[in-house]
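One structure below.
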Amino acid sequence: MSKWILLSGSLFFFLFSLSVHSNSFDKDQLVQRCQILHEELKELESHQYKGICRHKLALAANKIFSAKIRIVYENYKGAKQDLSVSMNNMKFAEDISCVFKSEITKARMEAREIQRELN
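FYI, the numbering for the sequence shown is -22 to -1, 1 to 97, going by mature numbering (1 follows the signal peptide of the UniProt record, and there is no 0).
Here you go:
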């Protein structure tokens, strides 16, 4: 009987550890992806002709940087909020036909993917 309890306890621990690890993410990888996205947005900002486009992309880049810092300090709720604000700014830049619209869309999709991984 005690072997059965020990075996079932080990099985439970194994299954529990699988479920915990399946919901986890690589924090360092997300931080790196945020850094790359931040740099891409700053580059896109530098090629804009309209002041409002530069402004919105600068805001988006700054929020991505903020999300990166929040991920480092494990404030995932705040990081998700920053990513949402950044995506809203990128969407606005797309809607007003800023230069390199397809690149802005790709950046927004990357931010969305990072946000999904935080969930």
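For glycine and all other residues, C-beta sits at the position ideal for the given N, C-alpha and C.
All values reported here derive from a predicted model rather than from experimental measurement.
Could you round the C-beta distance between residue i and residue j to whole angstroms and report it? I think they count as a contact, below 8 angstroms.
i: residue 103; j: L35; result: Outside the shown range of the chain, which is -22 to 97, sits residue 103, and nothing can be said about it.
i: R32; j: E23; result: 5 angstroms
i: L96; j: Y54; result: 5 angstroms
i: E88; j: L15; result: 5 angstroms
Taking Cβ to Cβ, would you say residue i is nearer than 8 angstroms to residue j?
i: L61; j: Q93; result: yes
i: R48; j: M65; result: no
i: L9; j: V50; result: For the record, residue 9 in the displayed sequence is Val; it is not Leu. Yes.
i: I74; j: I30; result: yes
Helix, strand or coil for residue i, going by three-state DSSP, please let me know.
i: D6; result: helix
i: I30; result: helix
i: N97; result: coil
In angstroms with no decimal places, state the Cα-to-Cα distance between residue i and residue j.
i: N40; j: E52; result: 18 angstroms
i: H(-2); j: Q26; result: Unreliable positioning characterises H(-2) in this predicted model, as indicated by a pLDDT of 44, which lies under 50. A coordinate reading is not provided.
i: L37; j: N67; result: 7 angstroms
How would you write the range of the alpha helix (DSSP H) that residue i sits in, first residue to last?
i: F70; result: 54 to 73
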